[in-house]
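Residues in the sequence shown are numbered from 40 upward in steps of one, following my numbering.
Even glycine gets a Cβ: it sits at the ideal position worked out from N, Cα and C.
This report refers to the structure that appears directly beneath it.
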Amino acid sequence: VRFYQRREVKDLLAYLHLLHNPADEVNLSRVISVPPRGIGAKSMQALARWALDQQIPLFTAMQRIAACRSAGEPCPVALPSRAAKAVADFATMVDELIASSANTRIVDLIDQVLEATGLRRHIQSGEDRPDERWENILEFREIAQEYNAEEPADGLATLLERISLVADVDSYEESEESITLITLHQAKGLEFPVVFIVGLEEGLLPHSRSMESEEQLEEERRLCYVGITRAQHHLYLLRAFRRGFMGSTGPTVSSRFLREIPGHLLTAAKREQSVKPASKRSSFGARGPAIDAPPAPMPVRPTLEIGDLVRHSSFGEGVVTDFVATAGDHEVTIQFREDVGVKRLLLSFAPLEKIEG
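See the structure below:
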């Protein structure tokens, strides 16, 4: 069964979609009885009819039942008392999770969903391969780690959008002759005759955020290993010599993971000058090969010195405590406020602004 089609993963995703959009009645209908809550099909039909009569979303109807019960008023829908209580409890739980999602990192939100909904207990106590199903949940949680650095308000939306938009592993058919574009996370468990890993540059792989701790850096190294071991016959490791970023173009630094591979295991490709036939006659009337113009030099970034005060778009203000030149870049160490701490950042990737005066 494809990963995102596995029942437990679809259940968790349905809850996350519901938190992102409470008017999503498809996902609401999926999770209303996962785990079972005593809300039967007849109760849901009665509730859906009433919501249609009132011209309100189904979840709004549930919220109104919860409000009536909280105020001690009669239920506006003819439901058994047990079902009415279950509907009210469900609506209250979802409202609390929605409120929490506004200031909770995505992985912590997933943990809250698993606990508050009873999904964790439901999976682990099930009779249908509970250990395997829980491992799939942990795998999904690991995928979500990639978005944990996003702002809480953006992390959930970004995760759901990426899952729905990327050509993920679930669409891979081994018999088809086609190119499969997937992330390193999604490549786990698969093998391909030929694998291309692109972006082996400092700041991309490993990602600039991972350089803040050894634990995150080791996770990036493990992901790189996963990608390398997906290749059955041929493996191509690619990097750009220059890359555009935030409106500027500059040289890149080869990934430390690429440099860690023993040289005798690699065959380096030679870089050739790009030459192409001239498309039109020159101003002197002669024809000849046209050689691509050399790339424009990287715009000069502000020079930083130890003791400079800088501002980071996410970490706030800090003081430069170290500044070291590397191949094609600079690594800057900054002491931010106490709750952020010390960060080591690549100058070409870090959104830093020098505070003058």
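With a 10 Å radius around its C-beta and 16 neighbouring C-beta atoms as the bar for buried, classify residue i as buried or exposed.
i, result
"S203", "exposed"
"S68", "exposed"
"F354", "buried"
"I218", "exposed"
"A80", "exposed"
"D170", "exposed"
"S268", "Reading off the sequence shown, one finds Thr at residue 268, where the question assumed Ser. Exposed, by the Cβ-count rule."
"G242", "buried"
"S82", "buried"
Are residue i and residue j touching if we call contact CB-CB under 8 Å?
i, j, result
"I145", "N175", "no"
"P96", "A62", "yes"
"V152", "L51", "yes"
"S294", "L239", "yes"
"E258", "R383", "no"
"E105", "A127", "The sequence shown places Ala at residue 105, not Glu. Yes. Within cutoff."
"A270", "V234", "yes"
"V265", "F179", "no"
At the level of alpha carbons, what is the spacing between residue i and residue j?
i, j, result
"P74", "L220", "35 Å"
"A389", "R298", "23 Å"
"F296", "G77", "53 Å"
"L177", "A90", "36 Å"
"E344", "A226", "42 Å"
"C263", "H56", "30 Å"
"V379", "L223", "29 Å"
"T131", "R45", "28 Å"
"E154", "F362", "45 Å"
"L118", "I71", "15 Å"
"V381", "H272", "43 Å"
"G283", "L274", "25 Å"
"S249", "E185", "10 Å"
"F231", "L244", "21 Å"
"V30", "R108", "Past the boundaries of the shown model lies residue 30; the chain is included only from 40 to 396, so the question cannot be answered."
"I162", "R168", "9 Å"
- Within the chosen definition, does the stretch 95 to 102 reach the stretch 136 to 148 through at least 3 CB pairs nearer than 8 Å? no
- For the 8 Å Cβ check, are there 3 or more pairs between the stretch 118 to 128 and the stretch 78 to 87? Output reads yes: the stretch 78 to 87 touches the stretch 118 to 128.
- At what residue ranges does the stretch 77 to 148 contain a whole run of the alpha helix (DSSP H), taking only runs of 4 or more? 80 to 93, 97 to 110 and 120 to 140
- Ranges of the beta strand (DSSP E) found wholly within the stretch 221 to 245, counting only runs of at least 3: Counting only runs of 3 or more, we get 231 to 236.
- Message: In chain order, what are the residue ranges of uninterrupted beta strand (DSSP E) at least 3 long that sit wholly in the stretch 251 to 304?
- Response: Runs of beta strand (DSSP E) with 3 or more residues, each lying fully within the stretch 251 to 304, are found at 270 to 276, 281 to 284 and 287 to 290, listed in chain order.
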